[in-house]
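The structure appears below as structure tokens.
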Amino acid sequence: MNYEVVCGLETHIELSTKTKIFCSCTTEFGGKPNTHCCPVCIGLPGTLPKLNKAVVEYAVMAGLATHCEINPDAKMDRKNYVYPDLPKAYQISQYDQPLCRHGYVELSNGRKIRLTRIHMEEDAGKLVHERGNTFIDYNRSGVPLIEIVSEPDIRSIDEAIEYVEKLQMIMRYIGISDCRMQEGSLRCDVNISVRPQGSTELSTRTEIKNMNSFSHMTKAMQYEIDRQIDLIESGEKVVQETRRYNEGTGCTEGMRGKEDADDYRYFREPDLVAVRVTDDMVKKTKAKMPEDPQKRLHRFVNDYGLTEGDAQMLIEHRRIADYFEKAANGVKNTRTVVNCITGPIFARIKDESEKDSFNINIPPENLSALVRLFDEGKIRKNQLKSTLEKMLDSGKPASAFLSEKDLAGISAEDLKKLCAQAIHANPNAAKDYLGGKQKAVKALVGAVMKATRGRANPQEAEKILISLIGQ
Amino acid sequence: MGKYGKIAQLQEMLSSGEISCTELTKKYLSVIGKENGALNAYINVTADAALKTAAEVDKDIAAGKELAPLEGIPMALKDNISTKGMETTCCSKILGGYVPIYDATVWSVLKNQKAVLLGKTNMDEFAMGSSCETSCHGGAKNPHNLKRVAGGSSGGAASAVSGNLAAYALGSDTGGSIRQPASFCGAVGFKPTYGTVSRYGLIAYASSFDQIGPIASSVEDAARVYDVISVYDKMDSTSSGQKEPVLPALENDIRGKKIGIVKEYFDGVRSDVKEALLKAADVFHSLGAETVEFSMPSIHYSLPVYYILACAEASSNLGRYDGIRYGYQTEHYTSRNEMICKTRSEGFGAEVKRRILLGTYVLSSGYYDAYYKKAQDLRGAIVQAFDGAFSKCDVILAPTVPMTAFPENYAAKDPVETYQTDICTVPVNIAGLPAVSVPCGFGSDGMPVGMQILGPKFSESTVLNFANMYESAARETSFKDTGMGVSL
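For the protein sequence lines, the chains are A and B, in the order given.
When you line the first sequence up against my numbering, it's residues 1344 to 1814, in that order.
When you line the second sequence up against my numbering, it's residues 454 to 941, in that order.
Listed below in structure tokens is the structure:
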């Protein structure tokens, strides 16, 4: 029998606000244990939370970027559970009135993965096991998170991966999170079940907790799909449970029995007032947000005449797209700008995170000036390339490497002279050309180019050469 | 101001040089040394810090500086108000040895004024109780009769003020914890509108009910303290602060104003208490106010609503006491879970455990709708009932407690019966309203009777105006000095 995968994801994303969700401690990663803390985020008796406005704004941005409705009557709730990394014995989260609802993320195959909700919550601290003891580091305690919950609309491992990649791209694009799986600023819980192809019923699912890389996620999902199919085929039942992926064995394992089902005793957080996001705030946030990447892609194709592939490469990282737009300003050969970025500039970037921050030592205006020289025919393609490399080496503008003489070009008269000299010096080439060997003129063009150190326009030179030979 | 204001009187003595702040503080410390043994009002006396502040105040006086409104006045704080560098335990074994690293907002406001903190006062453990006897230090006694309790939960604060061991004290009121002990001890206890006084640093019992307020020996003093502590605080999201000072309104004319007498508040009230209240109503008539009688049936739901919601919040608020970071930790254990279980079993008293269990139960899945949600809905109904009531009258007059101070160990016999004595105080906590308890005479047992004046939200100046007008007219027959402590 053929089986279909039914999968929904819960994705936790750490927001990159400067301060924590309920106090003014820094959210900076790292730091000596328990140095990014205050009475509020370590939950000392008598302390009260205060909701960071920037967190609400970031979460609204996440909602708008994923086509969600913004809930005008959102509130915060307490999720009660006991664990030493949770200093108040409850996590302030959102239960029945999340900030964002009913959105979607569109995959490249055109399928829309519906989002049930996006809510705000606080991160917990971290247990550190060292020297036979357990210590607690509360630096992460109170760092703002959003949890994005999808409907069970995902039908394959590839779709799951693409969905997370899309979320990553969107959240980075709007600048609310760096979404680094290795550092834990993006983590996923995968809810997964299988059913016979064609069935529309949902079968029993399991939840694989805390996926922290795409490769683990792929392996864990594949293992779980195979395990569930095996169970069904051998007439056994899939048990609804929470499972953990074991990196060593490549298997998923049950974490706890069904008998102690969680009861978080959610109730409204009495220390915080309702989260009222007005239409006006939504409007203002919208205005602050960067253009939707999909729309920007279309605009790049239509307005700049880029291919979809080129446009895609640029918009994946907002800073690169912004850089491109500035560099392409007033430029005719916009594709040349793209080639400069994706060629020499990308060659100097090590990884995705450097693409994300895109700290290039030449301002976009300088790239723009360089390409405009090319537009105006003042420099040739090879000069453009070599100058760009020099600019990247030094951070200096093009003018530092191109002399007046370089930019002055060759006058028509001089060019004519040079062409005559070239014919004179290579009589055989002219003869060959007249004899029907059209390619022979290329050798003459080469000679002219050599004599002008590449400054002459080869098409122009060829025309002159042909007419001179014809005389 | 009026002739019963002790704070104004003390400040006059200080600035005129009749007594130095150091002398005054020593006087208080000395009577605390003598009489606290019998009253058990203080559980921690902070003599060194008090004398240090007093010396600073004396410097201000010597320099001819004008005193801040509460500067140099010896006072006390309930032990659930966080004081940096001073142990703050909520009179619970589980917080034994816990020294806060920050000040509660109310205390930092008072500290800035150079208020002289004499010490931390006794209370029911985590403010859960009506007799002060759930304290891990044993209960505070009533200065009017040492065989009677001071009430609770702010029993130590009321006992200290009534016994003249402090000029005033700050307590907290979740279901009557300021007003009930003030009523039992013959003092003025004021529970302001929820939000007017910052809760930051008040160790939470039930967050949506808790409110800090003063216990004082006159309405004027309560108003004076309230004006200082009712500041907006950005650390408390539910903070509103009070815009206008209340002190200037205390002597406003109340002629033609309407006082509501709500039938349900008098159901099951002891006859001598009822009688004292009716006499108080007559005093108001003589001051030109009118009384209107009506019914508020939803008052009957107050107790279950209060005990369900307050316990639910408490079960969550008290989850953090696990012995890991601060306070008490059990000695012998073999695992983390065992450590937490034993710490909590040994560290919490019976009443606190009862409320944590009750609160956990009403929030559990399967019971949430039947208890928590229903109680939340009824809370809304009670709020509406008060809105309706205050369209008929300016304030409501009611007993504070249906009886006078309990004998010792009364509360321990039947918790549910004791819960029922909160019937007159909990409605305002449910609705977040201001209410002041003012002594209005004595019961057949010779113990003080308190009356409550309730008003709509943010009507502090109105309720205190009524209370002050009553006190001015009837102080002689309503208040009685206990003859203890510092006499001026």
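Positions of the beta carbon are idealized from the N, C-alpha and C atoms, including for glycine.
Selection from LYS910/B, ALA920/B and GLU766/B that minimises the alpha carbon distance to GLY949/B: Coverage of chain B is limited to positions 454 through 941, which leaves residue 949/B absent and any answer about it impossible.
Terminal residues of the alpha helix (DSSP H) in which LEU816/B lies: 803-816
Per DSSP, the bridge partner or partners of ASP1480/A: LYS1469/A
Closer than 9 angstroms to chain A by CB, ASN862/B: Closer than 9 angstroms: no.
Beta-carbon contacts of ASN1589/A that lie in its chain and below 6 angstroms, excluding the five residues immediately before and after: GLU1596
Cβ-Cβ distance between LEU917/B and VAL672/B below 9 angstroms: yes
ARG1457/A (DSSP reduced to helix, strand or coil): strand
Cutoff 7 angstroms; reference ALA635/B; Cβ partners in own chain excluding five residues on either side: ALA611, VAL641, GLY642, ILE668, SER890 and GLY903
Test item: CB-CB of LEU1470/A and ASP1532/A under 9 angstroms: no
Cutoff 9 angstroms: GLU402/B Cβ touching any chain A Cβ: Here chain B has residues from 454 to 941 only, and residue 402/B is not among them.
ASP1420/A - partner residues in DSSP beta bridges: Paired residue(s): SER1436/A and ARG1611/A.
Inter-residue Cα distance where the pair is ALA803/B and TYR774/B: 15 angstroms
Per-residue burial, GLN1814/A [other beta carbons within 10 Å of its own, 16 or more giving buried]: exposed
Nonlocal neighbours in the same chain, by C-beta distance under 6 angstroms from ILE1504/A, ignoring five residues either side: PHE1557
DSSP state of SER612/B mapped onto helix, strand, coil: helix
ALA1432/A: contacting residues in chain B (beta-carbon distance under 8 angstroms): Chain-ordered, the chain B residues with CB closer than 8 angstroms to the CB of ALA1432/A read SER769, GLY772, ARG773 and ASP775.
DSSP-derived helix/strand/coil call for LEU570/B: Strand at LEU570/B.
Per-residue DSSP class, three states only, for ASN565/B: helix
Cβ-based burial, HIS1899/A [other Cβ within 10 Å; buried from 16]: Not covered by the structure: residue 1899/A. The range shown for chain A is 1344 to 1814.
Contacts of ASN1867/A in chain B (Cβ-Cβ under 7 angstroms): Lying before the first or after the last residue shown, residue 1867/A is absent from chain A, which here runs from 1344 to 1814.
Close Cβ partners of GLU1602/A (< 8 angstroms) along its chain, the five nearest in sequence each way excluded: Low local confidence applies: a pLDDT of 45 at GLU1602/A is under 50, so the model's placement there is unreliable, with the coordinate-based value given in what follows. Excluding sequence neighbours, GLU1602/A sits near nothing in its chain.
Pairwise C-alpha distance: ALA593/B and GLU476/B: 27 angstroms
Contact check, GLY605/B vs GLY582/B, beta carbons under 9 angstroms: yes
Rounded C-alpha distance that separates GLU1347/A from TYR551/B: 58 angstroms
Where the alpha helix (DSSP H) containing ILE1500/A begins and where it ends: 1500-1516
Neighbour list for ASP1614/A in chain B, Cβ cutoff strictly below 9 angstroms: ARG652, ALA657, SER660, SER661, ASP689, SER690 and THR691
Spatial neighbours of PRO1687/A in its chain, beta-carbon cut-off 8 angstroms, leaving aside the 5 residues before and after: LYS1728, LEU1731, GLU1732 and LEU1735
C-beta neighbour in chain B for LEU1745/A, strict 9 angstroms: no
Cα-Cα separation between PRO553/B and GLU540/B, rounded to whole angstroms: 7 angstroms
Interface partners of GLU766/B on chain A, CB under 7 angstroms: Against chain A, the beta carbon of GLU766/B has neighbours under 7 angstroms at PRO1613, listed in chain order.
Neighbourhood of THR691/B by C-beta distance below 6 angstroms, restricted to the same chain and skipping five residues each side: GLY648
Same chain, Cβ closer than 8 angstroms to SER897/B, five either side skipped, listed in chain order: ASP725
GLU1602/A - DSSP class collapsed to helix/strand/coil: Low confidence applies to GLU1602/A: its pLDDT is 45, below 50, so where it sits in the model is not reliable, and the reading given next is rough at best. Correct three-state label for GLU1602/A: coil.
Classification of MET1514/A by the beta-carbon crowding that lies within 10 angstroms, buried from 16 upward: buried
Nearest to ARG1538/A (by Cα), restricted to the options LYS1509/A, ASP1501/A and PRO1495/A: PRO1495/A
Reference TYR760/B; option with closest CA among GLU524/B, CYS794/B, PRO880/B and ILE460/B: PRO880/B
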